[in-house]
Structure formats: C-alpha cells, structure tokens
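Residue numbers (our numbering): 77 to 304.
Just so it is clear, CB atoms sit at the ideal spot from N, CA and C, and this is done for glycine as well.
One structure below.
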C-alpha cells in the first residue's frame, strides 16, 4: 500500500489526509531513485494564518538538491498537525521511498517540522541523516516550558543510536527554545559523536534564522559534510 501511495504521488500528487501531503518539492530537478544521490525530505514548520501555505525551503535544501538529491516535502494541515500522527505518517512514507529504491535518506525540518523529523530516530536505519533547525512544538508560554522539556526528553529517550547522523541547530533569541543548554545536553547524551551541534552562533538569530541566506553561507557546507 505504501508503494502505491508514493507511486501515485510520482504521477502527480495525492493527499495522504485532508490538507496533508507528501509530495515532490516544486522548483527542484527530479532524477528518480535510480539516478539521484539520495532523497531529502523537507518538513516545514507550522506556517502563519496570514500565509496560504508553508514558506519555500531554506537555502540548505537548495544546496542538497544541487548535490544530486531529490527533494520531497511533507506538508501538514496547520489546523490538524498532531506530533504523534505526523511522526507515524513520516515513517511510513520514508519507508515507501526506500522501497522505491532511494539508497540514502536525509530528513530536515524547521520548528514543528524539525520536531517531527527527529521522531525518525525511533526507527533504526530509517534515515541516514536528520537536520533539525530550531525544533519546537509547545509555543512560548512560560507555563508550557516544563512540558516542553519533558517531551523533549521523551523524544530522545525513544531515539536509537544506530549510526544516523543528526544535526541540531539552536539559534540565539529563540523564544520557542525553553532551555537551550539542557536540550543540547540531552541530545549529546543519546548520540555522542553522531551529533553535530550548531549552538547559538552570533548570527543569524531568531527562530526563523535558518531562512536567512547567511545561515547556509556560514554553516551549509559544514552540515552537508557531516551527513553520511
């Protein structure tokens, strides 16, 4: 069934659920599983109510596409975006991409999309690399900080250290990150040398700093070089 879903998408796109799509990213060249160097699955964050859809991927995604990667997007309905179901759907569709013949899979996401991307670590061998840009899922309210940290710990407790390389990006002045040093410590404890941390550089800053072209200029090559 998973193979059928992805084949339908290859033929023009098909929704997995109302408002939720796993589709080839528009604007990028497509080579197919046999010729591409791999596939990058981009997962945007929850976009604003004043936006008709998620923003275009950041320049890092263009960098990976230029290296020969096919790019797919996992777009979710901003009004119906549960973390657990999002993680399950992501795992199913990545497995379908594997069945199509992609030998290398990198999952990258921003904000809520980054949080969902990290759920693949609970599935050994599902992804070769994960890039999490400012993962967040609990808003900015002070009352939610304790739950955010507890859920972050649970997320990493489920992770399996089986060789998947993970890049964790935490930028300065991010109100969605309740405890940056502690978050980093939890990730390091689980992954050790398989983790690359980009921790609060001087610039860019803010929760959406990855969309600043300067981010890829400064860190894109380093991240790409760390991924298997």
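is_contact[residue i, chain B] using C-beta, thresh 8 angstroms
i           : result
residue 297 : This model lacks chain B altogether; it includes just one protein chain.
Assumed close pair residue i, residue j - CB separation to whole angstroms, cut-off 8 angstroms
i           : j           : result
residue 260 : residue 299 : Residue 260 to residue 299, Cβ: 16 angstroms. No contact.
residue 257 : residue 178 : Going by Cβ atoms, the distance from residue 257 to residue 178 rounds to 36 angstroms, so no, they are not a contact pair.
residue 146 : residue 106 : 6 angstroms
residue 244 : residue 285 : Actually they are not in contact, since the Cβ atoms of residue 244 and residue 285 sit about 14 angstroms apart, beyond 8 angstroms.
residue 253 : residue 212 : 7 angstroms
residue 150 : residue 98  : 5 angstroms
residue 240 : residue 206 : 6 angstroms
residue 251 : residue 186 : About 15 angstroms; that fails the 8 angstroms criterion.
residue 104 : residue 141 : 5 angstroms
residue 266 : residue 232 : 5 angstroms
residue 249 : residue 281 : 5 angstroms
residue 190 : residue 196 : That pair is no contact at about 11 angstroms.
Bridge partners - residue i, DSSP secondary structure assignment
i           : result
residue 145 : 114
residue 119 : 185
residue 273 : 244
residue 286 : Note: residue 286 sits in no beta bridge, so no partner.
N- and C-terminal bounds of the alpha helix (DSSP H) containing residue i
i           : result
residue 223 : 221-233
residue 302 : 297-302
residue 162 : 159-176
Opening and closing residue of the beta strand (DSSP E) in which residue i lies
i           : result
residue 208 : 205-209
heavy atom of the ligand SAH below 7 angstroms from residue i C-beta
i           : result
residue 165 : This structure does not include the ligand SAH; it has no bound ligands of any sort.
field: Minimum length 3: unbroken beta strand (DSSP E) runs contained in the region 230-271
entry: 241-246
- request: Spell out a yes or no on whether the region 133-145 and the region 162-171 are touching, meaning 3 or more CB-CB pairs, one atom from each, closer than 8 angstroms.
  value: no
query: Is the region 232-240 in contact with the region 283-302, if contact means three or more CB pairs nearer than 8 angstroms?
result: no
field: Contact between the region 179-187 and the region 112-120 (3+ Cβ pairs under 8 angstroms)
entry: yes
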